[in-house]
Amino acid sequence: MVRLLLVALLVFIPGCRDEDRIEPYLGPYYGGFDTAITPDPNDDLNPNECAPGEDRDLCRQAHGNPLSHLLLKLGKNTAGELTLEFYRSQQDYEEGRMMYLSAGCRTSAAPATDLQVYAVDKSRDETQLLATASFPLQFGNQILECTNSARLGAAQNPAMELSLQVNPVTGASAIGITLERSRRDGDYLFVKKNGEKVPVKLDLRYVGTDAGESRRLCAADGETTIENKDGVEAVCVMTGRKKWSVALPVSPYGLGGTAFWGSTLTPTWYRTSGEPDIVTYHRGLFLPVQFEGDEMMPEAEPVSR
């Protein structure tokens, strides 16, 4: 029994030490995202606020701007879990008035999951990855309009992904955050040309005389030419039936010949399979700050990314 407890203690202690290595980097950070969470001022998930009575066009432009000039607090809750909170100002930070990423839905980041702490060489004067963690988004308002993750992109379980980078020699640190912005199927349509795949788009607005088969195909890059049934090349072509026939000098029925004929839809398009999804992200960068009275002062030079 004593041996079992000793083994359990030895397993537990390294985990505690790993998490303790984050302690010096807890506290306030200042920065923002390179995008607005959503560009539409009518969307409750957009946290950029408009002053009462402000011109609607100007308000719309403000909502399209990046979500910036924020304070981020990297901390721990009473359960010892790593937490991530946002604040509009130093006063809000000091008084604990956390900013929601949406007012009506009361969107915030849940405690960290999948926390990974990495070894850092303290003798190397360079940027090193210390920790990564995932912070699932949580909604204080549980109505479907809030919990529908499609409003934040296509991720089924939207989460903020954090990476903490440090320079152990200078003490500099930086927090990078990504949040999935959009996701679409990576498979695509293509035609074959000289043995190569040429990505194409199917334009459903145009149909030929045979609406059941004739379609307009355009090269996806808007430059590459593709060939139609008559051998004419253009960036956009209409598909059509190219007739063919084959005559053989023999016949299975004795004297005479055999002929085959038919038609092929040209150009023929295909669809790839198994291509990775195409994903874009909101990206944020936050640097540590110290509060000096009513002013915020950077703690150290930012680390390179």
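Okay, so the sequence shown: first residue is 24 according to my numbering, each after it adds one.
Where is the CB? At the ideal position from N, CA and C, for every residue including glycine.
Given the structure is predicted, the values throughout are model-derived calculations rather than measurements.
- Taking C-alpha atoms, which residue in L124, E104, N100, C241 lies nearest to S91? L124
- Distance, Cα to Cα, D253 vs R238? 15 Å
- In the DSSP assignment, what are the bridge partners of V223? L212, A242
- Hey, V221 and A242 are a contact pair by Cβ (cut 8 Å); roughly how many whole angstroms apart? 6 Å
- Query: With 16 other CB atoms within 10 Å as the buried threshold, where does S146 fall?
  - Reply: exposed
- Item | CA nearest to the CA of E118, picked from L94, A135, L138, G103 | L94
- Task: Please go through the same chain and pick out, in chain order, the residues whose beta-carbon is closer than 6 Å to the beta-carbon of Q188, but skip the five residues on each side of it.
- Result: T150, L152, A197, V326
- Task: Check each candidate in S112, D115, D210, P134 and name the one with the smallest Cα separation from A102.
- Result: P134
- Rank P159, L225, V223, V214 by C-alpha distance to the C-alpha of T201 and give the top, closest one. P159
- Message: Just verifying my parser: in three-state terms, what is the DSSP assignment at D57?
- Response: coil
- With DSSP run on the structure shown, which of helix, strand or coil describes Y123? coil
- Measure the beta-carbon distance from R204 to T106 and round it to whole angstroms, keeping in mind my assumption that it falls under 8 Å. The Cβ separation is near 23 Å, so there is no contact.
- Which stretch, first to last residue, makes up the beta strand (DSSP E) that contains V137? First, the amino acid is wrong: residue 137 is Asp here, not Val. Here the beta strand (DSSP E) through D137 covers 136-140.
- Contact check, P290 vs L212 under 8 Å by CB: the rounded distance? Rounded, the Cβ-Cβ distance is 11 Å, inconsistent with contact.
- Just to confirm, are F56 and R294 a CB contact at a threshold of 8 Å? no
- Report all residues from its chain with a CB closer than 6 Å to the CB of N251; omit the five preceding and five following residues, and keep chain order. V260
- Message: Taking the alpha helix (DSSP H) that Q165 belongs to, which residues open and close that run?
- Response: Taken as a continuous stretch (DSSP letters only), Q165 belongs to no alpha helix (DSSP H), as it is neither H nor E.
- Message: Can you find the residues in the same chain that come closer than 8 Å, C-beta to C-beta, to V140, ignoring five residues on each side of it along the sequence?
- Response: D41, E42, R44, I45, L153, A154
- Message: What does the Cβ neighbour count give for G209, buried or exposed, with the cut at 16 atoms within 10 Å?
- Response: exposed
- Task: Check whether the Cβ atoms of P51 and K96 sit closer than 8 Å, and answer yes or no.
- Result: yes
- Residues near G98 in its chain [Cβ-Cβ closer than 6 Å; skip 5 each side]: L49, T106
- For E117, name the three-state secondary structure that DSSP assigns. helix
- Report back the beta-carbon spacing between L310 and Y116 to the nearest angstrom; my notes put them in contact at under 8 Å. That pair is no contact at about 15 Å.
- Start-to-end residues for the beta strand (DSSP E) that takes in S196: 196-207
- Message: Taking 8 Å as the threshold (C-beta atoms), are T136 and S157 in contact?
- Response: yes
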